[in-house]
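Residue numbers -21 to -1, 1 to 175, in mature numbering (1 follows the signal peptide of the UniProt record, and there is no 0), belong to the letters of the sequence shown in order.
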Amino acid sequence: MRRKLSTSLLGIGLATAALFAATGSAQGHGYVDSPISRSGVCGNGSVQNCGQIEWEAWSVEGYKGFPGRGPADGQLCAGGNGRFSELDDPRGGNWPATNVSGGQSYTFNWRIVARHATTDFRYYITKNGYNPAKPLTRADLDPQPFLTVPFNGRQPGATVTHSGVLPQKTGKHLILGVWTVHDTENAFYSCSDVKF
Ligand SMILES: [Cu+2]
């Protein structure tokens, strides 16, 4: 009886590992871990009840071409993926936020699980007067990214680090990082809550 139970548990474990491996190779990608993104705080357990994203912080993939194309307003942080809709929930403006300073250089970091050939990385930030208790829309963002890092089709490393100067802001803001893949129709979207 005991042996039978442990064998079936082993079977479940192997099935889970196989599923995880398949998902990882087919869809593995990346997310921002500095300043830590919503995917990151869900993945490391510091925020609870995030749903699926807790297990695959790197999977926020949507159509590329933001802001002209890409995910719909209100679905930007989940990259338009309904199964990650918890990322679009503003939680009353209470997502943990990384303290930052306007006008100072900041080191941005992506954790890359699958090193796709890359067009560029772009970083957008919310306008002055942004309300963190509302879902993110294009109208909430400064129209131009404050940092663009062209890759011209090159492959990134497993971690990617960019330095950029943060704009002058006050209070809570959201940084939307967009990693555009060169040879697919897709991009990765990553929302990081910050406080100036
Ligand atoms: Cu990928």
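Note that the Cβ used here is the ideal one computed from N, Cα and C, for glycine as well.
With 16 as the cutoff for other CB atoms within 10 Å, does residue i come out buried or exposed?
{"i": "Gly22", "result": "buried"}
{"i": "Pro111", "result": "buried"}
{"i": "Ser4", "result": "Summary for Ser4: the model assigns pLDDT 39, below 50, so the residue's position carries little reliability, and this model does not support an answer."}
{"i": "Ser80", "result": "exposed"}
{"i": "Val144", "result": "exposed"}
{"i": "Asn73", "result": "exposed"}
{"i": "Pro50", "result": "buried"}
{"i": "Asn60", "result": "buried"}
{"i": "Asp67", "result": "buried"}
{"i": "Pro75", "result": "exposed"}
{"i": "Pro124", "result": "buried"}
{"i": "Glu164", "result": "exposed"}
Candidates the options: which alpha carbon is nearest residue i's?
{"i": "Val13", "options": "Ser84, Asn73, Asp52 and Gly72", "result": "What sits at residue 13 in the sequence shown is Ser, not Val. Of the candidates Ser84, Asn73, Asp52 and Gly72, the one whose C-alpha sits nearest the C-alpha of Ser13 is Ser84."}
{"i": "Gly136", "options": "Lys43, Gly71 and Val92", "result": "Val92"}
{"i": "Leu120", "options": "Pro129, Thr77, Arg101 and Ser64", "result": "Arg101"}
Helix, strand or coil for residue i per DSSP?
{"i": "Glu164", "result": "coil"}
{"i": "Gly72", "result": "helix"}
{"i": "Trp34", "result": "helix"}
{"i": "Leu145", "result": "coil"}
{"i": "Gly47", "result": "coil"}
{"i": "Leu66", "result": "helix"}
Within the present structure, is the beta-carbon of residue i separated from the nearest heavy atom of ligand 1 by less than 7 Å?
{"i": "His95", "result": "yes"}
{"i": "His8", "result": "yes"}
Could you tell me whether the Cβ of residue i comes closer than 8 Å to any Cβ of chain B?
{"i": "His152", "result": "Included in the structure is just one protein chain, with no chain B present."}
Problem - In chain order, each alpha helix (DSSP H) run of at least 4 residues that lies wholly inside the segment 74 to 103 - result: None, since the segment 74 to 103 contains no complete alpha helix (DSSP H) of that length.
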